[in-house]
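Numbering (UniProt numbering), first residue to last: 1 to 154. These notes are about the structure you will find just below.
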C-alpha cells in the first residue's frame, strides 16, 4: 500500500509539473534552456543545412545525413539542395533576353521559377520595352534631318 502511495504521489507530482510548465510558458522556456544546455540534441533545419552546404561549412554527405535526421529521404534532400541555388534577378533575365542571349521560352522558364504567372510575364515584357527619352528623340530627328544625304537633296 505504501508503494502505491509513493508511485501515485510521483505520478501526480509529475502531472503537476507538466501542468505548471504548460500554464506558465516562461517556466517551460527556462526549463527547456536548462535541459538543452545539459543535453544538446538540436540539429539545423533543412533550409539552414542547404545554406551550410553551399557555403562549404559542411560536406554533401553531412548534408544528406542530417537531412535524413530531419525526416527527408535523399531524393527530397537533393531536390531541396537544387532549389537552394540563387536565380538571377528579373531584370538580368530580361536584359539577357533582349540581347538575344536566351530565348523567349528560356525567359519564361526562368520567370516561372520566380513564381511569376504567364500574364505577369507578358506584362513584364511590355513594361521593360525601351522607349527613348525626349532628348534622344530630338537627337535622332536632328541627325535624320541633317544627314549628308538629306542636305544634298535640299
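Where a beta carbon is used, it is the ideal one built from N, C-alpha and C, also for glycine.
Taking C-alpha atoms, which residue in the options lies nearest to residue i?
| i | options | result |
| --- | --- | --- |
| residue 46 | 118, 71 and 28 | 71 |
| residue 69 | 79, 57, 92 and 41 | 41 |
| residue 81 | 92, 59, 100 and 99 | 59 |
| residue 118 | 105, 25, 29 and 142 | 105 |
With a cut-off of 8 Å, does the C-beta of residue i fall near any C-beta of chain D?
| i | result |
| --- | --- |
| residue 103 | Absent from the structure: chain D. Only one protein chain is present. |
Anyone know if the C-beta pair for residue i and residue j falls short of 8 Å?
| i | j | result |
| --- | --- | --- |
| residue 171 | residue 87 | The shown model of the chain, from 1 to 154, leaves out residue 171, and the question about it has no answer. |
| residue 66 | residue 43 | yes |
| residue 140 | residue 132 | yes |
According to the neighbour-count rule (16 or more other Cβ atoms, all chains shown, within 10 Å of its Cβ), is residue i buried or exposed?
| i | result |
| --- | --- |
| residue 97 | buried |
| residue 50 | buried |
| residue 94 | buried |
| residue 27 | exposed |
| residue 137 | exposed |
| residue 107 | buried |
Can you list, in chain order, the residues of its chain whose CB lies under 7 Å from that of residue i, leaving out five sequence neighbours each side?
| i | result |
| --- | --- |
| residue 64 | 74 and 77 |
| residue 54 | 84 |
I'd like the list of long-range same chain contacts for residue i, defined as Cβ closer than 8 Å, with 5 residues on each side in sequence excluded.
| i | result |
| --- | --- |
| residue 90 | 111, 114, 116 and 124 |
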